[in-house]
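So for the sequence shown, the numbering used here puts the first residue at -13; every next one is plus one. Where a beta carbon is used, it is the ideal one built from N, C-alpha and C, also for glycine.
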Amino acid sequence: MHVSGRLVVAAASVLGLTLTLGSPALADPSGPGDPGPGADDGAGLTAKRDDLTRYQAGRYVVMLAAPGASTYGKTRAATGKQFDAKGTGVASYTKKLRGSHDRLADDLGFDVEEHYTISANGFVADLTAKQATELATDRRVLMVQKDTIVHADTWNTPDFLGLTGKRGVWKQVGGQDRAGDGVVVGVIDSGIWPESKSFSGKPLTTKPQGRWGLKVNGRVTSMKKSDGNLFRGECEVGEEFAVTDCNSKLISARSFVKGYGENRTLEEDYLSARDGNGHGSHTASTAAGNPVRGVATEGIRFGDISGVAPGAKIAVYKALWATEDGRASGTTSDLVAAIEQAVTDGVDVLNYSISGPTDTTLEAAEIAFEGAAEAGVFVAASAGNEGPGASTVAHNSPWVTTVAASTHHSFENTAVLGNGDKLVGASISATALPSTRLVSAADAGDGTALCAPDSLDPAKVAGTVVVCERGGVDRVVKSEEVERAGGVGMLLVNVTEGSLDADFHAVPTVHVSHVDAPKVSAYLAAAGADATVSFVLGNQTGTVTPVPQIAGFSSRGPAASDDSDLLKPDVAAPGVSVLAAVAPPSNHGRDYDLYSGTSMAAPHVAGLAALVQGVHPAWTPMQIKSAMMTTAYDLKDASGKRSRDLFAQGAGHVDPKEFLDPGLFVLSDWEQWRGYVTGLGLDTGVPALAPNAVNLPSLAEGHVMTSATLNRTFTAARRGTWRVKVDVPGFRSSASRSTVSARRAGQETSIDFRFDRTIAPLSEWAFGHITLTGPTTVRLPVALRPVSVKAPTSVAGTGTDGSVTVPVTGGFTGDLAVARAGLVKGQVAEGAIEVGDYALECVTIGAGNDLAQFDLVAPDAKSDLDMYVYKSRTCDPGSVTAVAGEIATPSSGETFSLENAPAGTYLVEVDAFAAGDQGTPVPYSLRVYDLGGSPSVGNLKVDPDPVPVSTGKDTSFDLSWTGLDADAHYFGLLGYDGAPSSTYVYVDTATAP
């Protein structure tokens, strides 16, 4: 396991660990002490039991620390320009990276299956468990990620977004056919159905055609773009896909199946860019599909439809493949390869309606997106469909625009129960249903209410309307089961909060909310066999359903991956019952269908980004993101009032009528992004930057103790003066400047915003806004959570009997309860090693562990020691089963915490990277504490208990212990009611009091 060489530091977070600065939670880094005696720079890492990375033989995506070509200093694009894969030095640099991949493979004895050198630096390989573990602890390696399966997460939407009409945005940009003109939208998804009218175009020829000189040479396509760069694509030939399937709309089509495997694809899918699912065609046509007149589906006439940016070109990257359950899925390795290819080709915008992790941004696709953003590519990603639960939002990195889903139109009919109750619900049915017997699926089949295939009894269902509960199986499958059993209608009920979806069902269906579901149950119980229902067309309740509302399924913040200090999602866009092109064979023969999901919301934003770039080709991805966020407006709640839930809507609903002229930008760049990554545990060479210090058009602070100050820099897009107003209920808010004045575009103004808690409830989020009013209105969302106390991250004492004073500052007035755990005696191993060498120490963690604390102390403060922690069956290095954490910062020592550590044996590798004043060998002292798995001793006491505190006032309490063994090291933990922070307690009895 010995590691040699040092390029860029790797850290536990790259293995899927959840990290914070300090451990287990940052309390007051400015206070006395530090997270542990091993972390003299205050940088400790924390993980949880489930985060142990157990490497097994398989295919892995390996990301390296050295930058890819789009982020390398000598080959990255100049400021305001897009990366050119054919630019000076790119070929030689990418060749150098491939060579480094091959050398690493030769050293460890594996073959590289695929290289990444543009948007990221990495490769794909089939590895043994030992090889994966070796790579995970190599300093040259950023992350080793198992190649896993991920899943795919507009009719009147142009009208709803204000694109149409005499004063619409399309008119402003020169007409519908000029919306996105000269821009290429890349879509990473399940492919495309090229015969759809949404993707029709003129045949490609070898002779340049049109304004942008689009042409084809063999299978290779090329087009000049509005930003002055060149797009180079390919019409990949494959199953039922020829070069001639590309045209002046669909200018490139590729597929990626190496990671997924051809043998896993369904017979109904196509080994080509042709869509075997429908999801990819839907997202592509939503973003940039052609105007299509007279669309009708299942007898419903929808009229004219269009993509958001019909003037843009489409480049397809199929990396999702149809599955038996009707979804589309792909592997991480294929998705990263698709991102890599899209950046190489020169797309301007990428749509990514695909799931992602919620607990980390240090994931292969997110890292590749960082390279894409540096290359000048705007990335729109779906927030996820796991709402309405908290901290379910995915794609939490600052360089991606994360999109929530909203309603935009209500397809509604009314279910009238036999008792006269009128329940409005989602329904596309054009057929009314007279009074008909109503039965529950739970009483008419196998005892469940889900209406799964073959679950209903035809003898009980024939001629009835069946009440089916949402969940378990696809919504349309439920109505098909009702039809199979002879039912004539379905009343679909939500049992928990969720969206209402107007699907094309097999029988007339009304889909009602979780609020109305109990009314149905109560009526069935009261009426019994006499229960009836009728379906009436339209909303007959007399109450208009407000739009836009956030969709129930849309994933919510706060962002778990950023300790709640980075606000996600970013914006909301239409994502419920969106009509767009699909693949007919997998969609009941339909050319156009209604889909719902944040997958449908993201391509609206991708299309809008193309529209913006067509007007402002020099704008960067972050300028487009800022313009969208700062001009967004609030959605509505179910009562029609303004929604204030920033974790649902982010900055709000996108507003194309405003974002072309935002007035001011709030911009972040690659240096801030790398600082952000460093702060998460990966040493990028840029100093760490807290998530809420990244200059984003939103502000969040999850640990406000009496007050917080956050800074934002505004960059003028035009001349003007804006008045600054700050309003967060429960806080007294102020700004360091009352106005922003700019004499020219590009002028920057920095403002500190201070928030002092007044009446905001502890541990509850307060939502508000910063609003700048002038030639334009610029609005930034603010989310703050006050906590009860500011306390030191750690305190240290000495002696077998003794005490230490713990200073705290109150976040409220009252009595503060202080919980305590420990003290526990440490397992200590000491020694000295030569620079470049390592030592292995074996320790044991007992059953019932709450926190395993690993502290590597450097007696020589100028030396540099690193630590790697492994779960193992025995003390033999050959029996390692998992990587728990790797901590290799430039500090002298290291500290690592593992919550709820599995009982058993752990191996700790101590590496000597550099000697200090004492020279070599380098001394070390490893101290491992088993809190919860070993007996607590010392009778740890708090005095006074509870601790009286006052808002904003400094005070303290005494922490005492007694009866400890001499010449030992002890560890304990303090927790505070109403605060997510804690204080580490260290007692050293080897030092005289």
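>> Assuming the contact rule is C-beta atoms closer than 8 Å, Leu594 and Val971 should be a hit. Round their C-beta distance to whole Å, please.
In response: Not really, about 53 Å apart at Cβ, beyond 8 Å.
>> With distance defined between alpha-carbon atoms, name the residue in Leu666, Val278, Asn925, Ala308 nearest to Thr251.
In response: Ala308
>> For Asp20 and Phe957, what's the separation of their Cα atoms in angstroms?
In response: Residue confidence is low: Asp20 scores 41 on pLDDT, short of 50, so the model does not pin down where it sits. No coordinate-derived value is stated.
> If we count the other Cβ atoms within 10 Å of its Cβ and call it buried at 16 or more, is Val501 buried or exposed?
Replying inline: exposed
> To the nearest whole angstrom, what separates the beta carbons of Ala282 and Val329, a pair I think is in contact under 8 Å?
Replying inline: About 39 Å separates the two Cβ atoms, so there is no contact after all.
>> Among Ala438, Gly788, Leu424, whose alpha-carbon lies nearest the alpha-carbon of Lys927?
In response: Gly788
>> What does DSSP give as the partner residue(s) for Gly411 in the beta ladder?
In response: Asn399
> Terminal residues of the continuous beta strand (DSSP E) containing Phe633?
Replying inline: It is not in any beta strand (DSSP E) - Phe633 instead sits in the alpha helix (DSSP H) that spans 632 to 635.
> So, Val562 versus Val591, is the Cβ gap smaller than 8 Å?
Replying inline: no
> For Arg729, is the classification buried or exposed, using 16 other Cβ atoms within 10 angstroms of its Cβ as the cut-off for buried?
Replying inline: exposed
> How close, in whole Å, do the beta carbons of Val804 and Leu960 come, if the pair is a contact with beta carbons under 8 Å?
Replying inline: 6 Å
> Between the C-alpha atoms of Leu31 and Val47, what's the straight-line distance to the nearest angstrom?
Replying inline: Residue placement at Leu31 is flagged as unreliable, the pLDDT there being 48, under the threshold of 50; the coordinate-derived value follows with that caveat. Rounded to whole angstroms, Leu31 to Val47 spans 23 Å at the Cα level.
> Buried or exposed: where does Val810 fall if 16 or more other Cβ atoms within 10 Å of its Cβ makes it buried?
Replying inline: buried
>> Buried or exposed, going by whether 16 or more other CB atoms sit within 10 Å of the CB of Lys82?
In response: exposed
> Is Phe645 helix, strand or coil when you go by DSSP?
Replying inline: helix
>> Quick check: the Cα distance between Val110 and Glu657, rounded to an integer number of angstroms?
In response: 27 Å
> Roughly how far, in whole angstroms, is the beta-carbon of Thr400 from the beta-carbon of Lys408, given that I think they are within contact range, below 8 Å?
Replying inline: 5 Å
>> Using the Cβ count rule (16 or more neighbours within 10 Å means buried), how would you classify Val996?
In response: Because residue 996 is not part of the residues shown, which for the chain are -13 to 979, the question remains open.
> Tell me which same chain residues have a C-beta within less than 7 Å of the C-beta of Ser413, skipping the five on either side of it?
Replying inline: Phe397, Glu398, Asn399, Ala488, Thr495, Val496, His497
> Whose CA, out of Gly524, Asp931, Asp631, lies closest to the CA of Ile536?
Replying inline: Asp631
> Got a sec, what are the start and stop residues for the alpha helix (DSSP H) Asp92 sits in?
Replying inline: 76 to 94
>> Rounded to the nearest angstrom, what separates Pro514 and Asp429 at their Cα positions?
In response: Checking the sequence shown, residue 514 turns out to be Gly, not Pro. Their backbone Cα atoms lie some 11 Å apart in a straight line.
>> Please tell me whether Ile291 and Ala274 are closer than 8 Å, where the distance is taken between their beta carbons.
In response: no
> Ends of the beta strand (DSSP E) at Ile610?
Replying inline: Note, Ile610: premise wrong, no beta strand (DSSP E); alpha helix (DSSP H) at 607 to 616.
> When the distance is taken between beta carbons, is Glu226 closer than 8 Å to Arg240?
Replying inline: no
> Between the segment 429 to 449 and the segment 514 to 533, are three or more C-beta pairs nearer than 8 Å?
Replying inline: no
> Should Gly85 go down as buried or exposed, given a rule of 16 or more other Cβ atoms within 10 Å for buried?
Replying inline: exposed
>> Runs of 3 residues minimum, wholly inside the segment 542 to 612: which ones carry the beta strand (DSSP E) assignment?
In response: 557 to 560, 564 to 567, 578 to 581
> Is it buried or exposed for Ser78, if we count other Cβ within 10 angstroms and need 16 for buried?
Replying inline: exposed
> Based on the DSSP output, what are the partners of Phe739 in its beta bridges?
Replying inline: Leu696, Ala721
> What residues are listed by DSSP as bridge partners for Thr518?
Replying inline: Arg423
>> Quick check on DSSP: helix, strand or coil for Thr941?
In response: strand
>> In this structure, how does DSSP classify Gly808 when only helix, strand and coil are distinguished?
In response: strand
>> Closest to Leu884 by C-alpha separation, out of Val896, Asp897, Val869, Glu895, would be which residue?
In response: Val869
> Where DSSP assigns a beta bridge to Gly355, which residues make up the other side?
Replying inline: Note on residue identity: the sequence assigns Phe, not Gly, to residue 355. DSSP output for Phe355 lists no bridge partner at all.
> Unbroken alpha helix (DSSP H) runs of length 4 or more, entirely within the segment 443 to 473: which are they?
Replying inline: 444 to 447, 461 to 470
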